[in-house]
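Working notes for the structure below.
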Amino acid sequence: MIVENAVYPDEEQMAGFLEPGHTGPIYMINLLRFRDKAEYEDGRVTELSGRQAYDLYGSAVGRLLPKFGGGAMFKAEVSRLSLGKVEDLWDVVAIVQYPSKQAMLDMLMSPEMQEIGAHRAAGLAGQLNIETVDGLGAWLGQDKSGGA
């Protein structure tokens with residue numbers, strides 16, 4: 055398995071996201087890796103760490119998500135890898151719920167998101183974003199899985 059963190063999706067990944075298919079809620083699993091020091095694409099000078107820059111983005115997204123029917127479901131610091139191997143661990147895992155892929159796309163294209171995106175790019179060394187569907191679990195009020 056090759057693990058490659060990225061800040062933006064490539065053309066193939068974006069095309070896959072835009073393909074017709076699942077129309078219900080999606081749950082995006084975000085594995086986040088921060089830069090030591092924020093690096094803004096517009097060249098602005100900053101003393102912010104990557105995490106601090108990303109937190110500016112994350113706070114704004116937290117306020118924006120409900121406008122598009124979504125919500126931050128889970129966020130936690132990564133403490134260690136208990137199974138498997140990767141070269142470098144991520145710093146944070148977050149799960150965000152959207153009512154549909156279209157709602158996520160609408161949010162991503164919104165003027166508000168365009169304003170705050172610079173903080174995301176400045177803060178991230180890279181991330182994995184895993185789209186999941188048909189979510190079950192007690193925290194969703196749908197515990198039909200019988201456990202993990």
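Under this note's numbering, the first residue of the sequence shown carries the number 55, and numbering increases by one thereafter. C-beta: ideal position from N, C-alpha, C; glycine also.
- Item | Separation of residue 68 from residue 121, as counted between CA atoms | 23 Å
(Q) Rounding to the nearest angstrom, what Cα-Cα distance links residue 168 and residue 96 in this structure? (A) 14 Å
query = When the Cα of residue 164 is compared with those of 84, 114, 180 and 147, which residue comes out closest?
reply = 114
Candidates 107, 185, 192 and 179, of which the one nearest residue 89 by Cα:
179
Residue 86 bridges to which residues according to DSSP? 146 and 181
Proximity winner among 182, 124, 177 and 138, relative to residue 147 (alpha-carbon distances): 182
### Between the CA atoms of residue 154 and residue 119 - distance to the nearest angstrom
12 Å
| Any idea what DSSP makes of residue 73, helix, strand or coil? | coil
Discussion item. Relative to the C-alpha of residue 78, which candidate in 123, 133 and 162 has its C-alpha closest?
Written reply: 123
Confirm, please, whether the CB-CB distance from residue 61 to residue 175 is below 8 Å. yes
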